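Here the structure comes first, spelled out in structure tokens, and everything after it is commentary.
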């Protein structure tokens, strides 16, 4: 079956420092899946952060970006300067193409910004 | 516009009880998903409906879990009988047909004693 592996948390990062959360996927039933990053802020529901549906493309939102790399089957999430408001759990996910399908999620990475 | 609505937000049940969780998708969405989230297993698919037809049913959950779409704007997830291992957060999500993004509800936290 399909699977997603991401950086185990929690990840503590100093405010204004850069962040990278690694995500690699295995899509046995889908040649080029859609890739997503979802985020859950404290006290809120799961929401889409960004998505990329074409290999080689980059998605960006709220200062975060991720590039769909089909050669390395990776979709790492990066941010140049972390803020306190980025405290959340981040989930990498993949889904089918051409139709809505169930998502396969990674285990989630909790990010904890701290004062430098 | 209203997002995905789930009720109740919290549920406590005794082992062996029957519980019913409810979900209202975003108006106009054709696809509806039920997921379960636990610390050990993470997010797992329970059921997936397209225009009220069951498209996918998580194999591991068939015996005691039954999801239904009573109409295009209302779905239920019944767990019968409940077991302590069912304690988890149950998430409902919906999307437009053909669109990759799913919109999630706030979830129902179920505790089975």
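Residue numbers (this note's numbering), protein chains in the order written: chain A, 160 to 275; chain B, 926 to 1038. All C-beta atoms in this analysis are idealised placements derived from N, C-alpha and C, irrespective of residue type, glycine included. Nothing here was measured: the structure is a model prediction, and the numbers come from that model.
Residue i vs residue j beta-carbon contact at 8 Å
| i | j | result |
| --- | --- | --- |
| residue 1007 (chain B) | residue 940 (chain B) | yes |
| residue 186 (chain A) | residue 253 (chain A) | yes |
| residue 268 (chain A) | residue 249 (chain A) | yes |
| residue 936 (chain B) | residue 261 (chain A) | no |
| residue 181 (chain A) | residue 166 (chain A) | yes |
| residue 1025 (chain B) | residue 193 (chain A) | yes |
| residue 207 (chain A) | residue 195 (chain A) | yes |
| residue 968 (chain B) | residue 1033 (chain B) | no |
| residue 247 (chain A) | residue 184 (chain A) | no |
Exposure label - residue i; buried when at least 16 CB within 10 Å
| i | result |
| --- | --- |
| residue 1038 (chain B) | exposed |
| residue 231 (chain A) | exposed |
| residue 173 (chain A) | exposed |
| residue 996 (chain B) | exposed |
| residue 1011 (chain B) | buried |
| residue 978 (chain B) | exposed |
| residue 943 (chain B) | exposed |
| residue 927 (chain B) | exposed |
| residue 972 (chain B) | buried |
| residue 245 (chain A) | buried |
| residue 265 (chain A) | buried |
| residue 934 (chain B) | exposed |
| residue 964 (chain B) | exposed |
| residue 209 (chain A) | buried |
| residue 218 (chain A) | buried |
Enclosing beta strand (DSSP E) for residue i [first to last residue]
| i | result |
| --- | --- |
| residue 247 (chain A) | 247-254 |
| residue 276 (chain A) | This structure cannot settle anything about residue 276 (chain A), because the visible part of chain A is limited to 160 through 275. |
| residue 967 (chain B) | 967-975 |
| residue 1014 (chain B) | 1013-1020 |
| residue 1034 (chain B) | 1033-1037 |
| residue 930 (chain B) | 930-932 |
| residue 210 (chain A) | 205-211 |
| residue 979 (chain B) | 978-982 |
| residue 996 (chain B) | 990-996 |
| residue 1000 (chain B) | 999-1004 |
Coil, strand or helix - residue i by DSSP
| i | result |
| --- | --- |
| residue 161 (chain A) | coil |
| residue 1009 (chain B) | helix |
| residue 185 (chain A) | strand |
| residue 224 (chain A) | strand |
| residue 177 (chain A) | coil |
| residue 243 (chain A) | helix |
| residue 190 (chain A) | coil |
Cross-chain neighbours of residue i in chain C, by beta carbon under 7 Å
| i | result |
| --- | --- |
| residue 1025 (chain B) | Checking the listed chains, one finds no chain C in this structure; the protein chains it contains are A and B. |
**Request:** Take every Cβ of the segment 225-245 of chain A, pair it with every Cβ of the segment 166-181 of chain A, and state whether three or more of those distances are shorter than 8 Å.
**Result:** Yes, they touch.
**Asked** Would the segment 997-1005 of chain B and the segment 1024-1032 of chain B be scored as touching if the rule is three or more Cβ pairs under 8 Å?
**Response** Look at the beta carbons and you see the segment 997-1005 of chain B not touching the segment 1024-1032 of chain B: under three pairs across the two are nearer than 8 Å.
**Message:** Between the segment 959-968 of chain B and the segment 1015-1022 of chain B, can you find at least three pairs of beta-carbon atoms closer than 8 Å?
**Reply:** Yes: the two stretches touch, three or more of their Cβ pairs being nearer than 8 Å.
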